Every structure is written in C-alpha cells, then in structure tokens.
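**Student:** Numbered according to the working numbering, the sequence shown terminates at residue 480, and the numbering increases by one at each position without gaps.
Even for Gly, the Cβ is constructed at its ideal location relative to N, Cα and C.
Computed from a predicted model, the values in this text were never measured in an experiment.
If you scroll down you'll find the structure; I have some questions about it.
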Amino acid sequence: MKIKALLVALAVGTAAQVYEQQTGMNILEKDYEISRKAKKGYLGGVEAKENGNFDMVYFLPSSRRKVKIEVYSFDKDANLKNTLKDEWDVEKVKKKWKWFNFKGDEYSTTAASLSTNLSGKMMFKKRLIKAKYNWLVGGYLKSIKMLDRQKLTSENGEEYLFSGAYEVERDSTILALAYPYTKGSSYSNLDLIKVNNEGVSRKLASVPTSSPMKPIFSKPLLDDNSRDVDNDDFPRDWVVVLAPTKAYGKSNTGNPNQLTYLRISPEGNLKENFTFNSPDAGYRILNAYEKNGTVLLYGMSIKKDGKYADEVLGQTVSPSSMDDEEKAATSSGGGMLGGLGKMAGMISGKEELAPSQASLDNALDEKKYDNFVITKIQNGNAVYVRPTAMPELNQKAVAGSDMKKPL
74 MKIKALLVAL
84 AVGTAAQVYE
94 QQTGMNILEK
104 DYEISRKAKK
114 GYLGGVEAKE
124 NGNFDMVYFL
134 PSSRRKVKIE
144 VYSFDKDANL
154 KNTLKDEWDV
164 EKVKKKWKWF
174 NFKGDEYSTT
184 AASLSTNLSG
194 KMMFKKRLIK
204 AKYNWLVGGY
214 LKSIKMLDRQ
224 KLTSENGEEY
234 LFSGAYEVER
244 DSTILALAYP
254 YTKGSSYSNL
264 DLIKVNNEGV
274 SRKLASVPTS
284 SPMKPIFSKP
294 LLDDNSRDVD
304 NDDFPRDWVV
314 VLAPTKAYGK
324 SNTGNPNQLT
334 YLRISPEGNL
344 KENFTFNSPD
354 AGYRILNAYE
364 KNGTVLLYGM
374 SIKKDGKYAD
384 EVLGQTVSPS
394 SMDDEEKAAT
404 SSGGGMLGGL
414 GKMAGMISGK
424 EELAPSQASL
434 DNALDEKKYD
444 NFVITKIQNG
454 NAVYVRPTAM
464 PELNQKAVAG
474 SDMKKPL
C-alpha cells in the first residue's frame, strides 16, 4: 500500500492558514510505502507545522492500555524526512487526540432507548450492544439487540407524550422532554426528565409552554471539532426548537410563527429558554452551529399564512433517542419469516417503530421552499432572524469548480 503526500489541498487541509500567503498554489502529490503493520491500521490525523512541514500519524492495532503509532514526517515539498514508531498509553493518546475513542477491541454493554408506541406514548426499551473495534476505519462496528420494554411514566404515574430525546452515552442516560398525559390535560408544562439505564426517570425541571407544542428541531450542537470528536465521547449541549401545534385538539394553539428555543446541557441543566418569531411557520432547521459563543440556526422555510409547522412540514423530528446508525445496527430477521418476526416485534415493542431521521429528511427534501433562514442566537436571545428568498440565493450562489450549477 502507498500513501500520497498531498500538499496544501488534502494533507494539510485542516491547517490551510499556514499557506495563506502563497498564491497560485499547486497540489503536489508523491507516493510512499508504509509498513505492513500500518496497512492494518488507519490514518488518524495530519499535523501541520508552522514551517510548512507536516506529519501523517497512523494508528495500528493495539492493546487496551497501549496504542501503537507510526508517524511519517514530510517537509514542505512533500519529501519524506523521517519515520517514527512508538507506543503510547491510551490516556495520553486521548489527551492529544480527543476524537480517539478506543475502549478495547471488543465490549458489551446494556443501554437504554426511548421511542413512542402506536398511540404516541413514550416507551423505555433496554438494548444489548456488542461492539468490535475496526482498525481500518478507526471506529466500532456495533450490533444491537432490543430487550424488554416498559411504559415511561411521571412521578405521579402519568404517561408521557414525546417532545424530544437526547442520549448522553458518556453518562448512560437519556434526557427527554415530554408532556404528562391525562384526560383533559392542558399541555401547559413540559417535563424535562433524565432516564437511567434501568428505566427510572427523574424530573429535572418543568418547562412552561404558552400553548401545546411539538419539536421541529432536536439535535446536539455542532462546532469546529464535530467532524473529529464524536458527540458520544464528548457530548455537546442539546438544542430543541418547539412550535405550536393543533395536534392535541386545544383551542389555545398559539401564534404559528412564535417558536421556543431551549438549550440544555448534557447534565440536564436548562441553560436557555426564550421565544422568537420566525418569518414563516414552516421553518425546517437543518443544524445548530456554535462558534465563539454564538449559535447559528440555519435551514429553509415554507410560507403558508395561518398554517402551523406540522401542517406545513409534517413530522420533522424522529420520535426516538436512537440515531440512524444505531437503528441500522439493530438486529432483525430476514426473509418472509423475518418480516413476520419483525412485525411481531413491532407490536411487542422489541422492534423499533419510530421512523428514522433519514427517512423524514428524505421526505422533507422533496418539498419546495420559499426562503433560506438564518437565526443568530447570542446572550440568551435571537439577535436576528434573516430570510433570503430562494431565487435570490440561487442568483448569488457560486458554483464550485466541480459543479455545473450552485444548487
């Protein structure tokens, strides 16, 4: 196997500022052989130096306590200058590279998940997770088996209606927002709860809502390190945006354009809670990105006066604490008998009933949007909410060198 030392554009793409003074930059490509052991590992990172030199760091199959690494050092012209072989303690590696998530070649654990049943009530399910580390990709391949299930209830024995969930894998807990359900409920207060691995829930806070609401966005914050440092290993704050709904059949349905923003820490502390007005009720938020204390919400919107978000967009948040990768890893039978088994499992609760976020996003992608909307959050308030008409956005957009048109 050969490695290609790609100068500027690839190998040191994450540190391109080192070369900002250069104009008319060319990509320099050279091939070098790596060791047989390195072929069984993966390229963990590229580290740029101030003088233009850079290192390519390979991680090799290792033990639970020691990590074998090989470092290939290049000069600014992509000439191989040195090769270093070393063995570090796992904790030292994790301290230097936060994204390194090695916990041993294999592990088995039980974990919780939350989702809804056919009537929309929140259910707790226990999962058996078996994971094996793949040194070629630098991550764990997981298989998940659903075990027993139970209804999730409040401290007063009331069933819960789902309004968002966030798994904090580091702490083996799930944070959730839910309306306590009783006949004639006013839906005026959401419970913020923490659920442990045994299905025991504890109310952390009560979140008043001016009218019945449903989540239109529920994700952890993104930041500059999100691509390299997984949220499972370094959990970020959870952001939920709620919109008024008529789904619960109440006369007090609120202003369709008035949304509620919640920011909750992985420990379950409600850090921010405020309302802001969206230009359109059908605001499909794609992500929440934080940088230097400012959070940007960005996405597209559909303008339909007098309509509510769920009437315009349909369902936008998967009613499950499991992500799409975990759902794909959940075991189920194959063939006709497997299909019957899966149907029985859905009825019994041992198969995941909730639609995946990917399937919801695919349906939302097919809709025609009127505006692209950016919301800037700073110091506990929405500083501005700025819509740009899609035709105007398309006119101003610039296509990349490998694209025929911008959008």
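Here's a check: name, in chain order, each residue in its chain whose Cβ is nearer than 6 Å to the Cβ of Pro-293, leaving out the five neighbours to either side.
**Tutor:** Asn-304, Arg-309 and Trp-311
**Student:** Which residue or residues does DSSP assign as beta-bridge partners of Trp-161?
**Tutor:** Val-140
**Student:** Taking all protein chains shown into account, do 16 or more other C-beta atoms lie within 10 angstroms of the C-beta of Ile-198, making it buried, or fewer, making it exposed?
**Tutor:** According to the sequence provided, residue 198 is Lys. The question's Ile does not apply to it. Counting Cβ neighbours within 10 Å, Lys-198 comes out buried, since at least 16 surround it.
**Student:** For Pro-352, which residues from the same chain have a beta carbon less than 8 Å from its beta carbon, with the 5 sequence-adjacent residues on both sides left out?
**Tutor:** The residues are Asn-330, Ser-374, Lys-376, Asn-444, Val-446, Val-458 and Pro-460.
**Student:** Is Ala-462 buried or exposed, if buried means 16 or more other CB atoms sit within 10 Å of its CB?
**Tutor:** exposed
**Student:** Could you spell out where the beta strand (DSSP E) holding Leu-343 opens and where it closes?
**Tutor:** 343–350
**Student:** Going by DSSP in three states, Val-166 sits in which element: helix, strand or coil?
**Tutor:** helix
**Student:** Is the stretch 277–297 in contact with the stretch 234–241, if contact means three or more CB pairs nearer than 8 Å?
**Tutor:** yes
**Student:** How long is the line joining the alpha carbons of Met-219 and Leu-370, rounded to whole angstroms?
**Tutor:** In this structure, the straight-line span from the alpha carbon of Met-219 to that of Leu-370 is close to 34 Å.
**Student:** Hey, Ser-393 and Ser-181: beta-carbon distance below 8 Å or not?
**Tutor:** no
**Student:** Determine the closest residue to Ala-455 out of Asn-126, Lys-440, Asn-229 and Val-314, with distance taken between C-alpha atoms.
**Tutor:** Here the closest residue by C-alpha is Val-314.
**Student:** Who are the Cβ neighbours of Lys-113 in its own chain at under 7 Å, not counting the five residues just before and after it?
**Tutor:** Leu-133, Pro-134 and Trp-208
**Student:** Three-state secondary structure (DSSP) at Asp-150?
**Tutor:** coil
**Student:** Kindly indicate which residue of Glu-240, Arg-243 and Gly-272 has the alpha-carbon position closest to the one of Asp-221.
**Tutor:** Gly-272
**Student:** Buried or exposed for Thr-183, please, with buried defined as at least 16 other CB atoms from any protein chain shown within 10 angstroms of its CB.
**Tutor:** exposed
**Student:** Does the Cβ of Phe-290 have 16 or more other Cβ atoms within 10 Å, making it buried, or fewer, making it exposed?
**Tutor:** Per the 10 Å Cβ criterion, buried.
**Student:** Which partner residues does Phe-175 have in the DSSP bridge list?
**Tutor:** None, per the DSSP bridge assignment.
**Student:** Looking at the structure shown, is Pro-464 part of a helix, part of a strand, or coil, going by DSSP?
**Tutor:** helix
**Student:** Is Lys-112 helix, strand or coil by DSSP?
**Tutor:** helix
**Student:** How about Ala-427: is its Cβ closer than 7 Å to a heavy atom in the ligand ADP?
**Tutor:** You won't find the ligand ADP in this model; it holds no ligand whatsoever.
**Student:** Which same chain residues end up closer than 6 Å to Gly-341 when comparing Cβ atoms and leaving out the 5 residues on each side of it in sequence?
**Tutor:** Taken in chain order, the residues that qualify are Leu-248, Lys-267 and Leu-277.
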